[in-house]
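The block underneath contains the structure these notes are about, expressed in structure tokens.
Dropping the structure here:
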């Protein structure tokens, strides 16, 4: 945020510092629960609270045993590998279908573009429990309920809106004269897409893919409806663990997910800045 000019009035100064305090308070209430989870995951005891040894910063009060349990216990490793098998495939489908949809809807001659866009991004708007129930009844009719591909397709449907939104935002600054120039030089539509259009919209595509991956990797409601015991994912195992057994291993799993999310968010920020530079360099 820019510094106040020396000629700022008293009211402007009050609003400036009040705004900073409000933003800091919001940031604290959003981040504090996450920051508490991380040290709790190193608790040497099987408690969801800070022990006197931890508060006294005694090394005896800290341990990595919950992380060892997470990385060695089949009850956690099987759901983790299920998530790693489901999320990448769902992300690939989300990116492929969402990118094509965004490019198609960016064409001015497409009829009913707004209505189609509203339908495609509806999974972000409709309450997740309603989407999950609808998927359950639909998949039951066509034999996909309780199958690997049923979960993958459900997660892909949830990820497609993120891809459409990010790619559409990237296409706003896209210079369409580049595709016309490629066509005049003899390039076909497929070659033009991969050689001209894709390199310029790639940051938006990757950003949407990362959002779709996070959505699939963290999702629990839909998989409870359309999945089975064979597709138990890591969030499902965490949800079950909270209901049936209160184990601090859940905190270790949460810390791992937080670390993955932080890495992906940093990647998103890097891609966002690269996308802005590319749009600034494009003609027009």
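Residue numbers (my numbering): 943 to 1226.
Ideal placement from N, C-alpha and C gives every residue a C-beta, glycine not left out.
Within 8 Å, strictly: CB atoms of residue i and residue j
| i | j | result |
| --- | --- | --- |
| residue 1035 | residue 1098 | yes |
| residue 1210 | residue 1170 | no |
| residue 1092 | residue 1168 | yes |
| residue 984 | residue 960 | no |
| residue 1037 | residue 1105 | yes |
| residue 1021 | residue 1178 | yes |
| residue 1109 | residue 1044 | yes |
| residue 1163 | residue 1095 | no |
| residue 1090 | residue 1173 | yes |
| residue 1061 | residue 1158 | no |
| residue 1003 | residue 993 | yes |
Same chain, Cβ closer than 7 Å to residue i, five either side skipped, listed in chain order
| i | result |
| --- | --- |
| residue 1055 | 1047 |
| residue 1040 | 1102, 1105, 1106, 1109, 1150 |
| residue 1112 | 1143, 1145, 1146, 1217 |
For residue i: DSSP bridge partner residues
| i | result |
| --- | --- |
| residue 1004 | 985 |
Outcome for residue i when other beta-carbon atoms lying within 10 angstroms are tallied against a minimum of 16
| i | result |
| --- | --- |
| residue 1018 | buried |
| residue 949 | exposed |
| residue 1025 | buried |
| residue 1153 | buried |
| residue 1049 | exposed |
| residue 1032 | buried |
| residue 1087 | buried |
| residue 1219 | exposed |
| residue 1165 | buried |
| residue 1008 | buried |
| residue 1175 | buried |
| residue 970 | exposed |
| residue 951 | exposed |
| residue 962 | exposed |
Closer than 7 Å: residue i CB and nearest the ligand COA heavy atom
| i | result |
| --- | --- |
| residue 995 | Of the ligands one can find in the structure shown there are none, so the ligand COA has no counterpart to examine. |
Same chain, Cβ closer than 8 Å to residue i, neighbours up to 5 away in sequence not counted
| i | result |
| --- | --- |
| residue 979 | 1193, 1196, 1197, 1200 |
| residue 1030 | 1155 |
| residue 988 | 1189, 1190 |
| residue 1124 | 1133, 1134, 1137, 1138 |
Residue-chain proximity (residue i, chain D), Cβ-Cβ < 8 Å
| i | result |
| --- | --- |
| residue 1097 | Annotation note: the requested chain D is absent from the structure, which comprises a single protein chain. |
*Any chance the segment 1175-1195 sits against the segment 1134-1149, with 3 or more Cβ pairs inside 8 Å?*
No, because fewer than three Cβ pairs between the segment 1175-1195 and the segment 1134-1149 fall closer than 8 Å, the two stretches do not touch.
*If you pair each beta-carbon of the segment 1100-1108 with each one of the segment 1063-1074, do three or more pairs fall below 8 Å?*
Inter-segment contact for the segment 1100-1108 and the segment 1063-1074 is present: three or more beta-carbon pairs are separated by less than 8 Å.
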